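Peer 1: These protein sequences, in sequence, are chains A and B. All residue numbers in the first sequence are consecutive under our numbering, ending with 287. All residue numbers in the second sequence are consecutive under our numbering, ending with 287.
Protein chains: 2
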Amino acid sequence: MKPDRDAPVGVFDSGVGGLTVAREIMRNLPSEKIVYFGDTARVPYGNKSRENIIRYSRQIIHFLLEQQVKAIVIACNTASAFALDEVRDEFGIPILGVIEPGARVAAQETKNKKVGVIGTEGTIGSGIHAAFLRSLDPEITVIGKACPLFVPLVEEGWLHDPVTMEVVARYLQEFKDRDADTLILGCTHYPLIRSTIREFMGEGVRLVNPAYETALELKEMLKRQDLLSTGSGQEEFPYRFYVSDLADKFKAFANSILPYDVEMTRKIDIEKY
Amino acid sequence: MKPDRDAPVGVFDSGVGGLTVAREIMRNLPSEKIVYFGDTARVPYGNKSRENIIRYSRQIIHFLLEQQVKAIVIACNTASAFALDEVRDEFGIPILGVIEPGARVAAQETKNKKVGVIGTEGTIGSGIHAAFLRSLDPEITVIGKACPLFVPLVEEGWLHDPVTMEVVARYLQEFKDRDADTLILGCTHYPLIRSTIREFMGEGVRLVNPAYETALELKEMLKRQDLLSTGSGQEEFPYRFYVSDLADKFKAFANSILPYDVEMTRKIDIEKY
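#1: Would you identify the three-state DSSP class for B/Tyr-256, choosing helix, strand or coil?
#2: Decide if B/Gly-218 is buried, meaning its Cβ has at least 16 other Cβ atoms within 10 Å, or exposed.
#3: Would you tell me roughly how many angstroms separate the C-alpha atoms of A/Met-278 and A/Val-30, rounded to the nearest one?
#4: At a Cβ cut of 9 Å, what residues of the segment 140 to 166 of chain B count as close to chain A, listed as they run along the chain?
#5: Closer than 8 Å is the cut-off here; do at least three beta carbon pairs connect the segment 151 to 169 of chain A with the segment 227 to 238 of chain A?
#6: Could you please tell me which residues of the segment 53 to 75 of chain B, in chain order, have their CB closer than 9 Å to any CB of chain A?
#7: Does the Cβ-Cβ distance between B/Lys-62 and B/Val-23 come in under 9 Å?
#8: From A/Glu-170 to A/Ala-268, what does the alpha carbon distance come to, in whole angstroms?
#9: Any beta carbon from chain B within less than 9 Å of A/Arg-208's own beta carbon?
#10: Step through the CB atoms of chain A and report whether any lies within less than 9 Å of the CB of B/Leu-260.
#11: Please confirm whether A/Ile-132 and A/Ile-198 have their CB atoms less than 9 Å apart.
#12: B/Arg-280 CB to nearest chain A CB: under 9 Å?
#13: Is the distance from the Cβ of A/Val-87 to the Cβ of A/Gly-52 below 9 Å?
#14: In the DSSP assignment, the beta strand (DSSP E) including B/Tyr-204 goes from what residue to what residue?
#15: Measuring alpha carbon to alpha carbon, tell me which of A/Ala-36, A/Arg-280 and A/Leu-43 ends up nearest A/Leu-2.
#16: Distance, Cα to Cα, B/Tyr-185 vs A/Pro-166?
#17: Please report the straight-line C-alpha distance between B/Asp-175 and A/Arg-56, rounded to a whole angstrom.
#18: Going by DSSP, what residues sit across from A/Ala-261 in a beta bridge?
#19: For B/Pro-294 and chain A, any beta-carbon pair shorter than 9 Å?
#20: Look up B/Lys-128 in the DSSP assignment and give the residues it is bridged to.
#21: Give a yes or no on whether the C-beta atoms belonging to B/Ser-257 and B/Ala-194 are separated by under 9 Å.
#22: To the nearest angstrom, how far is it from the Cα of A/Tyr-274 to the Cα of A/Ile-39?
#23: Among B/Phe-146, B/Arg-41, B/Tyr-287 and B/Gln-122, which one has its Cα closest to the Cα of B/Arg-220?
#24: Taking C-beta pairs closer than 9 Å, name the residues in chain A that B/Glu-114 reaches, listed in chain order.
#25: Let me make sure I understand the geometry here. Which of B/Ser-209, B/Ser-140 and B/Val-49 has the alpha-carbon closest to that of B/Tyr-253?
#26: Distance check for A/Gly-200 and A/Pro-152, CA to CA, integer angstroms please.
#27: Please decide whether B/Lys-128 counts as near chain A, where near means a Cβ-Cβ distance under 9 Å.
#28: Using C-beta distances below 6 Å, list every residue in its chain close to A/Arg-192, excluding the 5 sequence neighbours before and after it, in chain order.
#29: Between the Cα of A/Lys-127 and the Cα atoms of A/Thr-155, A/Asn-223 and A/Cys-90, which residue gives the shortest distance?
#30: Determine the chain B residues that contact A/Glu-285 at a beta-carbon separation under 8 Å, and present them in chain order.
#31: In three-state DSSP terms, what is A/Val-165?
#32: Could you give the DSSP three-state label for A/Phe-26: helix, strand or coil?
#33: If we require 3 or more residues per run, which beta strand (DSSP E) segments fall completely within the segment 22 to 73 of chain B?
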């Protein structure tokens with residue numbers, strides 16, 4: 015059965031990071047409704063095992079299907095790296111991740127074929143960007159680096175800060191030394207320190223924001239499958255937010271980064287799914 | 015039924031941090047056997063809700079009871095803050111936390127009755143140190159501050175580092191400004207950056223390490239209840255380590271901080287308990 019084109023898009027992440035993806039969907043597909051799930055009880059995913067991430071992702075997809083979504087975006091690089099291939103064809107609706115859209119653009123845009131990738135330990139350890147980039151162009155050299163302090167710095171709100179600048183310099187010097195001309199921001203929190211990263215890396219390096227590229231790819235996919243919302247049937251709350259813990263804290267963070275006032279976040283028991 | 019005095023002591027934490035408590039028990043009670051559980055699948059606890067922390071703690075206590083421990087140390091400040099009062103009398107064996115031993119020493123040692131406490135958002139938000147310190151001495155002023163970047167800095171291994179020094183200065187300046195003469199390191203990771211904290215705070219401030227004070231309190235309690243190990247019946251593996259995820263990573267960290275070579279860590283499914 016074909017999904018309802020005016021049904022919402024499901025978006026999930028380990029916590030608040032995926033809101034940068036939701037934000038790009040809101041900006042670029044303003045007619046689409048969104049059901050967002052942030053797994054705040056089990057955040058972060060970046061230092062957890064592949065098998066646990068797959069289990070968590072299946073539970074969340076079951077929850078989103080109950081919300082009758084027409085498509086799902088895994089708005090978390092770690093979950094995209096570990097779970098997308100496992101779940102992609104399992105549920106009868108389209109499921110997108112954030113790895114491939116970013117990697118595709120990076121492969122197109124690099125001139126010297128040296129592409130850097132930054133992300134969590136899980137994402138970088140999986141080697142998935144490298145594998146996908148080389149499948150697109152075997153001549154590309156991929157330089158990956160885990161940056162575990164970026165997420166806590168973003169969550170502390172130190173976005174434009176000397177400490178963050180120093181940590182950026184420490185982590186990213188290697189990309190300068192090795193002359194990468196393209197850098198994939200391979201964790202959904204990182205676009206929030208994009209300007210600090212830009213300041214350190216300079217204007218000559220292309221920074222790829224997979225959140226933006228994923229929103230564009232979602233648009234293409236919905237168009238192709240004739241699933242773009244007609245914009246009719248708009249509800250009072252086109253954007254709904256669910257979490258597995260601490261709904262108020264989530265809401266405060268969401269309100270600080272979304273171009274939209276989050277009215278309501280509801281806590282659910284994700285272990286039941 | 016009285017527990018077996020040669021049974022092991024159970025110690026648990028959200029992850030690796032509680033190893034600083036296990037280390038003090040190894041140093042100060044060398045005849046005691048230890049079963050350690052690190053909840054690496056659900057780490058960190060510091061930004062999770064009270065109700066989830068209580069649920070996690072009960073699951074872990076069930077697991078430790080299955081290992082036939084004679085007493086349990088909750089080697090995590092957040093779990094001690096949220097769960098100790100709930101579970102203390104529920105299981106028929108003594109259960110200690112890390113909050114009270116540290117707070118007791120701080121109350122004894124402060125001269126100007128201004129005590130600082132640093133910890134996770136959960137621990138500081140709970141206000142438990144303040145409540146307990148004031149129950150010991152109503153004249154004590156308690157200054158609490160959450161330091162969410164300390165744990166990721168420790169886990170990154172940046173123990174003696176200019177970035178860590180700058181973050182320490184940022185978080186702890188308030189204690190200097192307000193003239194605290196005693197500072198409780200209210201998170202089990204923090205003793206690992208004790209020398210950086212010492213450098214910033216100076217020699218005049220008493221730093222209280224609850225890991226050490228808890229080991230001494232455990233010793234007193236076991237003595238009082240006639241449960242100190244006779245030292246006989248030593249097994250080949252007096253220290254056993256269990257985790258809920260990524261056993262190898264845990265083992266590497268454990269080997270870097272314990273005065274002992276960790277032979278084996280085993281992964282279990284804690285959601286089953």
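No residue lacks a Cβ here, since even glycine has one placed at the ideal position from N, Cα and C. This structure is a prediction, so every number in the text was calculated from the model and none was measured.
Peer 2: With the given structure in hand:
#1: strand
#2: exposed
#3: 15 Å
#4: Pro-162, Leu-163, Val-165 and Pro-166
#5: no
#6: Thr-54, Ala-55, Arg-56, Val-57, Pro-58, Asn-61, Lys-62, Ser-63, Glu-65 and Asn-66
#7: no
#8: 14 Å
#9: no
#10: yes
#11: yes
#12: no
#13: no
#14: Note, B/Tyr-204: premise wrong, no beta strand (DSSP E); not H, not E.
#15: Chain A is shown from 15 up to 287; residue 2 of chain A falls before or after that span and cannot be answered.
#16: 14 Å
#17: 30 Å
#18: Answer by DSSP bridge pairing: none, since A/Ala-261 is not bridged.
#19: With chain B running from 15 to 287 in the structure shown, residue 294 of chain B is simply not present.
#20: B/Thr-155
#21: Here residue 257 of chain B is Val; the residue named in the question, Ser, does not match the sequence. Cβ distance not < 9 Å, so B/Val-257 and B/Ala-194 don't count as in contact.
#22: 12 Å
#23: B/Gln-122
#24: Those do not exist, as B/Glu-114 stays about 26 Å from chain A at its closest Cβ, beyond 9 Å.
#25: B/Val-49
#26: 20 Å
#27: no
#28: Ile-157
#29: A/Thr-155
#30: Glu-285
#31: helix
#32: strand
#33: 23 to 27 and 48 to 52
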